[in-house]
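Residue numbering for the sequence shown follows the numbering used here, starting at 11 and increasing by one per position. C-beta atoms are modelled at their ideal positions from N, C-alpha and C, and glycine is treated no differently. Written below as C-alpha cells is the structure these notes are about.
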Amino acid sequence: MKQIIACEIFRPFFDKIKQQLPYAYTITYVTIASHNHPSLLHDKLQSLCDEAYDADEIILLYGICGNAIEGLCARTCDMYVPRVHDCFALLCDDNCAEDLQVKNACWRCLSNMDGNDQNKEYASYIESYGKEMADYVMHMLYHEQTLLYVTFHTQKDNENIANLKETHKVEVIEGTLDKLKNILLPKDGQGLLHVRKGNKICCLYDMVEVMKEKSI
C-alpha cells in the first residue's frame with residue numbers, strides 16, 4: 011500500500027484522477043495554511059512519514075515550500091518527491107512554472123482561495139464600510155500586485171477570477187493535471203526524486219535538479 015501525503019491544495023485535482031490509480035493507497039491532506047509556518051510544517055510532514063508503518067512507499071505531494079521539506083527523512087520506507095519549488099508547479103506546465111518561480115509571483119487556483127488572508131481582509135472591509143468602499147480600499151492597497159490564477163475552466167474558476175479582478179490585476183494561466191498523473195500513475199521517475207529508506211531530502215534550490223537524496 012502507498013501512503014500519499016499531500017497539501018490540501020491538491021484535493022479537488024486528486025479527486026479527478028483517484029479512480030485511475032491501479033494500487034491501494036491512503037491519502038493524508040495537510041492544510042494549506044501550514045505553509046505559513048515552514049518549520050511546523052516540516053515537523054508535521056516528518057511525523058506523518060514516520061507514522062506510515064504499513065506503507066511500502068510514500069508519495070509526498072509537496073515542493074520545497076519555504077524549506078519545509080529540507081532534511082525530511084525516509085525512515086520507514088522509500089519516498090518519492092516531485093522536483094519542484096512550490097505546489098503550484100504541479101498544476102501547470104514546466105515553462106509556466108519556471109517563469110512564475112523566477113518572478114516569485116503570487117498565485118491562486120480553485121483550492122487556494124478559501125481562508126486566504128486577503129479574502130478575510132476584504133470581507134471585514136465590506137462589513138465595516140460596505141462593498142463600494144471595500145473595493146476602493148482593496149484597489150488602493152493591491153492594484154499594483156498581479157495575481158496569477160491557474161484555471162481549469164470550471165464555473166468556480168470563472169467566479170474566482172471575476173472576484174479577484176475586482177481588486178487585483180489578474181493573469182490567467184492554463185492548468186494541467188499531466189504532472190500529477192505522471193507522479194501518481196506510471197511514476198516513471200521523470201521529475202521525481204527517489205529517497206531510499208534511511209536517506210533524506212537535501213534541497214538545492216536550482217531550476218533543474220531542485221533537490222537531491224542525501225544519506226542521514
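How many angstroms separate the CA atom of residue i from the CA atom of residue j?
i	j	result
Q29	F23	12 Å
I136	E176	13 Å
A172	L190	27 Å
S225	Y215	18 Å
M221	Y72	12 Å
G125	I19	Because G125 sits at a pLDDT of 41, beneath the cut-off of 50, its placement in the model cannot be relied upon, and the following sentence gives the value as read from the coordinates. Between G125 and I19, the C-alpha separation is close to 12 Å.
L158	D104	15 Å
T161	R21	15 Å
L202	L101	15 Å
A65	S57	14 Å
Would you identify the three-state DSSP class for residue i, choosing helix, strand or coil?
i	result
A34	coil
N170	helix
N126	Confidence is the limiting factor: at N126 the pLDDT is only 48, short of 50, which leaves the residue's position unreliable and the question unanswerable from this model.
I79	coil
S225	strand
R118	strand
E61	coil
I19	helix
Quick one: is residue i buried, meaning 16 or more other Cβ sit within 10 Å of its Cβ, or exposed?
i	result
Q165	exposed
L50	exposed
D167	buried
T41	exposed
Return the Cβ separation of residue i and residue j in integer angstroms, given the expectation that the two are a contact with Cβ distance under 8 Å.
i	j	result
I69	I193	7 Å
L195	K26	Not a contact, Cβ separation roughly 12 Å.
Determine, using beta carbons only, whether residue i and residue j come nearer to each other than 7 Å.
i	j	result
Y35	I14	yes
R206	D96	no
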